[in-house]
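Trainee: Handing you a structure now.
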Amino acid sequence: RISVTIRPMDVAGVAVALHRSDVDLEQFASLYAQLHEHQAAGAPVLGNLAARTAVEAWERRKRHYRQWLRQDGAFAVSASLDQRIVAFAIVVVGDGYDGWRSGERVGEVKDIAVAAGLRRQGLGALVLERVERELRSGGISEYRLNVVAGNDAAIEFYRRRGLRAVGQLMLGRTAKDEG
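In short: position in the sequence shown from 1, add 472, done, that's my numbering.
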């Protein structure tokens, strides 16, 4: 097992906060829109599914955030610069793997978003370090996350942090397109 510690670049002045179900999700709306636009640019069609508008995607995701953050052990992490949120992560805790020797509970990072103009400056690493620390404090030693196909920069970021690909998400259709 490889253990890698990556120190974030100089992120002086950035405040990192932990939130539970009482977080005001609207403060994440613009960052989520930037995340969605970035993902849709890399994968305008996911399988054969066209991307939703950022507004529609946010309304749907916000509902999921509310549901997830009510779950036992769930939390959000935000990073603020000059009192403006510039990065966040949403994390839930689920069952560990049945066929592999993981802990009984495993963290799952549902989303991690960094302001478009501030990517690759250490904010994602700072947020992920806080996520890892919170999971560790809850006795959780593993976490998982999905990366949208085509987001090669994110995949490389996670690899540098020591994460490893453990599967591949497949998308199928129950009905064939007519035409």
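Glycine is no exception: its CB is placed at the ideal position from the N, C-alpha and C atoms. All figures in this text were calculated on a predicted structure; none of them were measured in a lab.
For the alpha helix (DSSP H) containing E580, name the first residue and the last one.
Mentor: Not the alpha helix (DSSP H): E580 falls in the beta strand (DSSP E), residues 577-586.
Trainee: Just the C-alpha distance for V492 and K648, rounded to the nearest angstrom, thanks.
Mentor: The identity of residue 492 in the sequence shown is Arg, whereas the question assumes Val. Roughly 42 Å separates the two Cα atoms.
Trainee: What residue does the beta strand (DSSP E) around L490 start on, and which one ends it?
Mentor: Looking at the DSSP string, the run of the beta strand (DSSP E) that includes L490 is 486-491.
Trainee: Taking all protein chains shown into account, do 16 or more other C-beta atoms lie within 10 angstroms of the C-beta of Y630, making it buried, or fewer, making it exposed?
Mentor: Looking at its Cβ environment, which holds 16 or more other Cβ atoms inside 10 Å, Y630 is buried.
Trainee: Go ahead and pull the three-state DSSP assignment for A513.
Mentor: A513 falls in the helix class under three-state DSSP.
Trainee: First and last residue of the alpha helix (DSSP H) that includes G545?
Mentor: Where G545 is concerned, there is no enclosing alpha helix (DSSP H), given that its DSSP letter is neither H nor E.
Trainee: If you pair each beta-carbon of the stretch 615-622 with each one of the stretch 530-544, do three or more pairs fall below 8 Å?
Mentor: Result no; under three Cβ-Cβ pairs closer than 8 Å.
Trainee: So, are the CB atoms of L490 and F547 less than 7 Å apart?
Mentor: Result yes, Cβ atoms of L490 and F547 sit closer than 7 Å.
Trainee: At 4 residues or longer, what runs of the alpha helix (DSSP H) sit wholly inside the stretch 611-649?
Mentor: Here the runs fully enclosed are 624-632.
Trainee: Taking Cβ to Cβ, would you say Q640 is nearer than 7 Å to A588?
Mentor: No.
Trainee: Relative to the alpha-carbon of R556, which residue among H508, L635, A487 has its alpha-carbon at the smallest distance?
Mentor: It is A487 whose Cα lies nearest to the Cα of R556.
Trainee: Spell out a yes or no on whether the stretch 572-590 and the stretch 599-608 are touching, meaning 3 or more CB-CB pairs, one atom from each, closer than 8 Å.
Mentor: In short, these stretches touch, since the Cβ pair count reaches three.
Trainee: What would DSSP say about A561, mapped onto helix, strand or coil?
Mentor: Correct three-state label for A561: strand.
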